[in-house]
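Asks:
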Ligand code: GUN
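Residue numbers (my numbering): 23 to 316.
#1: So, using beta-carbon positions, are residue 72 and residue 61 closer together than 8 Å?
#2: Under the three-state reduction of DSSP, which class applies to residue 244: helix, strand or coil?
#3: Which of the three DSSP states is assigned to residue 278 in this structure?
#4: Pairs of beta-carbons, one from the segment 45 to 55 and one from the segment 184 to 202, closer than 8 Å: are there three or more?
#5: Cβ-heavy atom distance between residue 162 and the ligand GUN below 7 Å?
#6: By DSSP, does residue 88 sit in helix, in strand, or in coil?
#7: Considering only the alpha carbon of each residue, which of 111, 24 and 74 lies closest to residue 292?
#8: Secondary structure at residue 269, three-state DSSP: helix, strand or coil?
#9: Run through DSSP, which three-state label would residue 258 get?
#10: Tell me, please, which residues DSSP counts as bridged to residue 115.
#11: In this structure, does DSSP put residue 283 in helix, strand or coil?
#12: When you compare each of 131, 278 and 124 to residue 65 by their alpha carbons, which one comes out closest?
#13: Between residue 276 and the rest of its own chain, which residues show a CB-CB distance below 6 Å, the 5 nearest in sequence each way excluded?
Dropping the structure here:
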C-alpha cells in the first residue's frame with residue numbers, strides 16, 4: 023500500500039491564509055491582536071517552541087512578545103504577572119509555556135489566566151466547556167489533530183479513533199474534541215494509556231490511530247492495521263552524533279516502518295507541530311475578536 027505523508031506544514035499554510043484575512047479585518051477596525059508568551063527557565067525545547075510561536079504570530083500580523091523568567095521564579099510572582107496581563111485591555115491572549123519548574127503548581131497557574139484570554143484552552147472553564155459540549159477556546163494540539171484530519175480528507179465522523187496517551191494537553195483533550203456530537207467530530211473513541219494491557223490489541227482496531235504517549239517510536243508496524251490513518255503527536259529528542267545539535271526529533275511512531283502499512287501518516291517534524299502553532303494563532307485571533315466585538 024502506498025502511504026500518503028500528510029504535510030502539516032502545507033495544511034498550516036492554508037490555515038494561516040484564512041487567519042490572515044481575519045487579522046486584516048481586525049486591523050481595519052483599528053485592533054491589533056496581541057499575544058504574550060510566558061516562559062520560565064531555559065529548557066531548550068521550550069525555548070524553541072516559544073520562538074516558533076512568536077515568529078509565526080508576527081508573520082501573520084499578530085503582535086507577540088515573550089517574557090522570560092528565571093528558573094527560581096516563585097508561583098506568586100508568575101501569577102502576579104498573569105493578573106496584570108488579564109487586566110491589560112491591549113493583551114488578547116496569554117500563553118504559559120509548559121512544563122513549569124517543579125516548585126510551581128501548573129494547575130494553579132493555568133487557572134489564573136483569564137478564561138477569555140486562555141489561548142491554550144487549558145483553564146478549567148475552557149476544559150469544562152469543551153467536555154459539556156459548548157467549546158470556546160480549545161487546546162491547540164487536539165484542535166490541530168482535528169483540523170489536520172478534516173483538511174486532509176480523513177474526517178473522523180463514524181470512525182474508530184484509538185488515542186494512545188491521556189495527558190490533559192493531548193490525549194484526554196483530543197478525546198473531548200472528537201467525541202463532540204457535531205460535524206468534524208462524532209467519532210467512536212478508545213483511549214489507551216499506561217494502564218492498558220496489550221496495547222497492540224487496541225491499536226490494531228483503529229481506523230485512525232493517534233500516538234500521543236511521549237515515547238520515541240513506540241508504535242511499531244505490527245501494531246497498525248493496513249490502511250489506517252496514523253497521526254503522530256510525539257516530539258522526542260533522541261541523541262544523534264551525525265547532527266550539528268547532537269540530537270534529532272522523532273515521533274511516537276516508527277515512521278519508516280509504517281510507510282507501506284498506513285494509508286496516511288504525519289511526519290515528525292512537519293506534521294502536527296506546525297498545525298499546533300496555527301491553532302494557537304486561531305485562538306489568539308478568536309479571543310481578540312470576542313474581546314473587541316460590539
Ligand atoms: N508544552 C508543550 N506543548 C505545549 C502547549 O501546547 N502549550 C503549552 N503552554 N506548553 C506546551
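Every residue gets a Cβ at the ideal spot worked out from N, C-alpha and C, and that includes glycine.
Replies: In short, the structure shows the following:
#1: As a working mapping, residue 72 is identified with position 50 in the chain shown. As a working mapping, residue 61 is identified with position 39 in the chain shown. The answer is yes: Cβ separation under 8 Å.
#2: To locate residue 244, count along the chain shown from 1; it is residue 222. Note: residue 244 maps to helix in three-state DSSP.
#3: Translated into the one-based positions of the chain shown, residue 278 becomes position 256. Correct three-state label for residue 278: helix.
#4: Contact between the segment 45 to 55 and the segment 184 to 202 is not established, with fewer than three Cβ pairs separated by less than 8 Å.
#5: Counting from one through the chain shown, the residue named residue 162 turns up at place 140. Answer for residue 162: yes, Cβ within range of the ligand GUN.
#6: In the chain shown, residue 88 corresponds to position 66, counting from 1. Residue state, collapsed to three classes: strand.
#7: By one-based count along the chain shown, residue 292 stands at place 270. Checking every option, the nearest Cα to that of residue 292 belongs to 74.
#8: Numbered from 1 along the chain shown, position 247 holds the residue referred to as residue 269. Look at residue 269 here: in three-state DSSP terms it is strand.
#9: For this step, residue 258 is matched to residue 236 along the chain shown. DSSP, reduced to helix, strand and coil, places residue 258 within a strand of the structure shown.
#10: Along the chain shown, one-based indexing puts residue 115 at 93. Answer is 57.
#11: Here residue 283 is taken as the residue at index 261 of the chain shown, counted from 1. Looking at residue 283 - three-state DSSP - the assignment turns out to be coil, as it is neither helix nor strand.
#12: Locating residue 65 in the chain shown gives position 43, where the first residue counts as 1. Among 131, 278 and 124, the Cα nearest to that of residue 65 is on 124.
#13: Along the chain shown, one-based indexing puts residue 276 at 254. 239 and 242, listed in sequence order.
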